[in-house]
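Chains as they are written, first to last, in the working numbering: chain A, 335 to 508; chain B, 5 to 232.
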């Protein structure tokens, strides 16, 4: 880590590869109900967090407690986010309202081929693809995505609208 | 949702691993903070004009004890705040300022009891809202310096870290204020000065997530990694 703080990319890559299985273990142990994809998400989140605060590591202090504190903190944060989201959901056995009209986006709702969807996303123009990745896949807010991509919120809204329309057209055609 | 293979992410992180300036040890950062805050506090106290009975007060044991306790609370809270943003430290370090804070409270409480024993004349509570802006003014620059320094660390416990930072700045502010503000009745100091310190600490805790948050840090890392 000391070498990584000095800008040694190889040492840093070696270190991150070495700790990744340990991070997976930590996440598995604390979240046994997670799917493997959720575990990987959490591991990636810890790696990003570690990268963000790597200046706080002191060579005079042990590395593992430093890493474990970050991992546990990020896990607690994700649990808080999960329960906050859950608190806004209402569980019902039956919907109390019957809808007179057909639900919107029926064809999109019934579409269930992630492979074709991934191909269709790959085929989008770069701006639209980035918008889909940031807003739909990474679930960033419009503001965060605008900062990350260096564009305006308005431009992102246009891109995502066009991307969804293009995807819908492409998938229905296929 | 996973958007990138973990191995790929590691490669990207390694490519973006520019050299970073290591954060100094918490006690070193505490000393740096005092070096920034102390001249400002001294300047503000000098501008507010020191109290006329300061010479006599410097030989008053209770005054000295409370000043040492206020200063120690501020310094211990600063050290605890700087420690709380470094992963791997024992979380109990947040309790560090409790000891001097207790000495401070006990001294003020004992003063109130003495006033009560002497017939309660010293227990008259008058309005002194001036304490709030005065302590806030003396603690303003230390508070800003504290917030900026805390943001260099990991936002592990935002509310606790900023509460400790607020206590540090308010404690130092109160320490400075008593050199210029001739208010010595224990009950007045307890309610108005200690009350202000408590209020500013609570306000700082409330601002925890505004000052310390993982989200902007991670957004910044993602931005540097680029799309994909």
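Even for Gly, the Cβ is constructed at its ideal location relative to N, Cα and C.
- Nearest neighbour of residue 367 (chain A) by Cα position, chosen from A:413, A:391, A:397, turns out to be A:413.
- Taking the Cα of residue 202 (chain B) as reference, the smallest distance to any Cα among B:173, B:215, B:222, B:185 is reached at B:173.
- For residue 166 (chain B), the three-state secondary structure derived from DSSP is helix.
- CA-to-CA, the gap between residue 54 (chain B) and residue 134 (chain B) works out to about 16 Å.
- Residue 225 (chain B) is positioned such that its CB atom lies closer than 8 Å to that of residue 385 (chain A).
- Contact with chain A is absent for residue 196 (chain B), since none of that chain's Cβ atoms lies less than 8 Å from the residue's Cβ.
- Counted as a single uninterrupted DSSP element, the alpha helix (DSSP H) harbouring residue 12 (chain B) occupies residues 10 to 19.
- Using a Cβ-Cβ cut-off of 8 Å, residue 157 (chain B) is close to 387, 390 of chain A, given in chain order.
- Judged by DSSP secondary structure, residue 52 (chain B) falls within the alpha helix (DSSP H) whose first and last residues are 30 to 52.
- When 7 Å is used as the limit between beta carbons, residue 222 (chain B) is near these residues of chain A: 382, 383, 386, in chain order.
- Using a CB distance cut-off of 8 Å, residue 338 (chain A) counts as an interface residue toward chain B.
- In the DSSP assignment, residue 362 (chain A) falls within the alpha helix (DSSP H) that extends over 343 to 364.
- Looking at B:27, B:113, B:72, the one whose alpha-carbon comes closest to that of residue 179 (chain B) is B:72.
- By the C-beta criterion, the stretch 103 to 123 of chain B is judged not to be in contact with the stretch 156 to 170 of chain B, since fewer than 3 inter-stretch pairs fall below 8 Å.
- Short of 7 Å from the beta carbon of residue 454 (chain A), and not among the five residues preceding or following it, lie these beta carbons of its own chain, in chain order: 501, 504, 505.
- The stretch 102 to 113 of chain B makes contact with the stretch 68 to 87 of chain B: 3 or more CB pairs, one atom from each, lie closer than 8 Å.
- Within the stretch 399 to 411 of chain A, the residues whose Cβ lies closer than 7 Å to some Cβ of chain B are 399, 400, 403, 404, 407, 411, listed in chain order.
- Residue 22 (chain B) sits in coil when the DSSP states are folded into three classes, being neither helix nor strand.
- Taking residue 380 (chain A) as the centre and dropping the five residues before and after it, the same chain places the C-beta of 357, 404, 405, 408 closer than 7 Å to its C-beta, in chain order.
- Nearest CB-CB separation between residue 169 (chain B) and chain A: not below the 8 Å threshold.
- Under the three-state reduction of DSSP output, residue 107 (chain B) falls in the helix class.
- One Cα belongs to residue 111 (chain B), the other to residue 65 (chain B), and the distance between them is close to 11 Å.
- Chain-order list of chain A residues neighbouring residue 226 (chain B): 382, 468, 472, 474, 478, 482, by C-beta distance under 9 Å.
- Taking the beta carbon of residue 13 (chain B) as reference, the chain A residues within 7 Å of it are 378, 381, listed in sequence order.
- Put simply, the CB of residue 448 (chain A) is far from chain B, with every gap to its CB atoms at 8 Å or more.
- Judged by DSSP in its simplified three-state form, residue 384 (chain A) adopts helix.
- Within chain A, the residues placing a beta-carbon under 7 Å from that of residue 24 (chain B) are 339, 388, 389, ordered along the chain.
- Proximity of chain B to residue 354 (chain A) at the Cβ level (cut-off 9 Å) is accounted for by 10, 11, 14, in chain order.
- Taking residue 227 (chain B) as reference, the option from A:490, A:482, A:402, A:487 with the minimal CA-CA separation is A:482.
- Of all residues in the stretch 16 to 49 of chain B, the ones placed with a Cβ closer than 8 Å to any Cβ belonging to chain A are 17, 18, 19, 20, 21, 22, 23, 24, 25, 26, 27, 29, in chain order.
- Distance check between residue 230 (chain B) and each of B:17, B:42, B:113 places B:17 closest, using alpha-carbon atoms only.
- For the stretch 178 to 195 of chain B, the set of positions with a beta-carbon nearer than 8 Å to some beta-carbon of chain A is empty.
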